[in-house]
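Chains as they are written, first to last, in full-length UniProt numbering: chain A, 1 to 248; chain B, 1 to 248.
Below is the structure:
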């Protein structure tokens with residue numbers, strides 16, 4: 001990147017890290033091994049030190065590991081999760097990995113918290129169902145999913161196979177119709193110690209925090225979720241069109 | 001949350017923090033002040049200690065501040081950025097905040113890095129344009145945007161008002177047609193020290209890292225970006241439908 005020769009090395013390293021991250025998540029290094037420092041430097045017209053600093057950034061992010069004699073390898077494949085249609089995790093990753101669920105809580109709630117009742121558009125004090133699952137992908141923790149469900153559908157979900165299946169499918173079976181749409185808000189936060197322990201990451205590591213409100217086909221809310229996702233294992237993807245009205 | 005009475009306080013605190021975060025980002029506390037601890041405890045059926053721990057989590061995230069005698073207030077409004085259609089930042093925030101841009105680099109690049117040339121689908125060794133802008137919203141840093149553009153359009157963008165306008169609009173004016181679509185990948189990472197300094201946050205704070213490849217209406221790539229966004233100031237939002245084929 002000779003056009004940035006006059007810039008601080010840290011900035012050139014960041015730029016190089018950006019390009020490498022994009023290549024890694026696109027699967028450009030098919031066998032999971034990155035070229036050596038000299039080769040990367042040549043490819044990017046960057047100094048050996050800038051290359052080293054870029055690789056240090058990616059190692060900090062948990063994306064790569066560097067071992068003497070072995071070189072630089074991609075630590076974990078990053079799975080893409082589409083943000084352009086509503087899918088459950090297992091459904092989304094069909095054929096790409098095996099999802100299992102550790103059911104931590106699955107219980108009826110006599111009275112939903114007021115904010116949750118409002119979000120689900122049920123009367124204050126209404127009962128519901130709470131489900132908390134730690135989700136594993138190929139034997140490593142991927143996400144911690146917590147759901148509050150409306151009472152009727154929720155009870156049917158409790159009777160379903162929460163260990164083996166996506167909640168969305170269980171809802172659809174209970175409702176007898178496909179889900180409608182969901183509103184999703186994506187945050188990035190530093191993992192609190194409790195969440196970090198469950199997800200097998202360092203406290204403070206960046207994680208996605210998703211809030212998702214899912215509606216039945218007739219528009220009634222049925223499921224409000226908070227989801228923590230390991231950001232070193234998952235990328236959220238979308239394809240955006242320029243024209244047309246917003247879908248909300 | 002009496003249905004979780006038997007669970008560790010840290011877990012009840014996390015749950016409470018999830019609900020509060022959702023309310024805060026939805027603007028539920030119109031004057032920016034949260035109810036006091038006692039009131040929150042009553043609302044959620046949670047102990048005073050669990051409430052305190054939940055508020056501590058949200059303070060760690062940079063979402064709220066707590067001051068003796070003043071109480072708990074929302075630190076910064078979190079802006080929503082839609083992930084369901086392709087918009088520039090200023091365009092997206094029209095009427096909600098004032099975007100200004102600090103142009104850090106805006107220059108022709110004699111030869112694009114090989115990975116960038118491949119992504120832009122131009123021949124190896126082709127020239128292009130590099131633009132780096134620190135974007136401010138209402139007087140505080142919001143994001144660091146870096147773009148590689150193809151040569152022809154890029155030169156026209158260099159001649160445009162990069163301080164005052166979205167690059168998308170400048171591209172469209174140069175091309176004479178609206179943009180087509182963009183592929184976006186969203187990561188969450190811990191800010192490296194250099195990025196943290198530019199964005200005015202602590203090193204290690206969780207930030208969004210977006211990669212976006214934007215195409216002209218005829219499908220040709222024109223702009224490949226890496227964007228770091230302060231996650232304490234922005235939430236990414238989408239509405240997802242259940243049915244229909246993926247749009248890619």
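C-beta atoms are modelled at their ideal positions from N, C-alpha and C, and glycine is treated no differently.
In DSSP terms, what residue i is bridged to
i, result
"residue 47/A", "According to DSSP, residue 47/A bridges with nothing at all."
"residue 63/B", "DSSP output for residue 63/B lists no bridge partner at all."
"residue 229/A", "143/A, 208/A"
"residue 181/A", "241/B"
"residue 82/A", "237/A"
"residue 132/A", "105/A, 146/A"
"residue 72/B", "66/B"
"residue 186/B", "236/A, 210/B"
"residue 20/A", "Residue 20/A is not bridged to any residue."
"residue 33/B", "73/B"
"residue 137/B", "99/B, 140/B"
Buried or exposed by the 16-neighbour rule on C-beta atoms within 10 Å, applied to residue i
i, result
"residue 37/A", "buried"
"residue 54/A", "buried"
"residue 242/B", "buried"
"residue 230/B", "buried"
"residue 30/B", "exposed"
"residue 224/B", "buried"
"residue 161/B", "exposed"
"residue 215/A", "buried"
"residue 21/B", "buried"
"residue 221/B", "buried"
"residue 157/A", "buried"
"residue 107/B", "exposed"
"residue 139/B", "exposed"
"residue 159/B", "exposed"
"residue 128/A", "buried"
"residue 202/A", "exposed"
"residue 177/A", "exposed"
"residue 27/B", "exposed"
"residue 206/A", "buried"
"residue 248/A", "Summary for residue 248/A: the model assigns pLDDT 38, below 50, so the residue's position carries little reliability; its value from the coordinates is reported in the next sentence. Flag for residue 248/A reads exposed."
"residue 67/A", "exposed"
"residue 167/A", "buried"
"residue 48/B", "exposed"
"residue 228/B", "buried"
"residue 25/B", "buried"
"residue 11/A", "buried"
"residue 174/A", "buried"
"residue 91/A", "exposed"
"residue 46/A", "buried"
"residue 245/B", "In this prediction, residue 245/B scores a pLDDT of 42, lower than 50, which makes its location untrustworthy; the coordinate-derived value is nonetheless stated afterwards. Burial call: exposed."
"residue 124/B", "exposed"
Rounded Cβ spacing between residue i and residue j (contact assumed at less than 8 Å)
i, j, result
"residue 104/B", "residue 133/B", "6 Å"
"residue 213/A", "residue 182/A", "6 Å"
"residue 146/B", "residue 18/A", "7 Å"
"residue 135/B", "residue 83/B", "18 Å between Cβ atoms; not a contact."
"residue 186/B", "residue 236/B", "6 Å"
"residue 115/B", "residue 23/A", "6 Å"
"residue 93/A", "residue 137/A", "7 Å"
"residue 113/A", "residue 44/B", "5 Å"
"residue 144/B", "residue 195/B", "6 Å"
"residue 184/A", "residue 240/B", "6 Å"
"residue 62/B", "residue 51/B", "About 19 Å; that fails the 8 Å criterion."
"residue 154/A", "residue 180/A", "At roughly 17 Å, the Cβ-Cβ gap does not stay under 8 Å, so residue 154/A and residue 180/A are not in contact."
"residue 130/B", "residue 233/B", "About 25 Å separates the two Cβ atoms, so there is no contact after all."
Any alpha helix (DSSP H) of 4 or more consecutive residues that is wholly inside the segment 190-227 of chain B: 193-199
Using 8 Å as the Cβ pair cut-off and three pairs as the minimum, do the segment 115-128 of chain A and the segment 146-157 of chain A touch? yes
Scan the segment 100-129 of chain A and note each continuous beta strand (DSSP E) run of 3 residues or more that stays entirely inside, going in chain order. none
With three or more C-beta pairs closer than 8 Å as the rule, is the segment 99-113 of chain B touching the segment 73-80 of chain B? no
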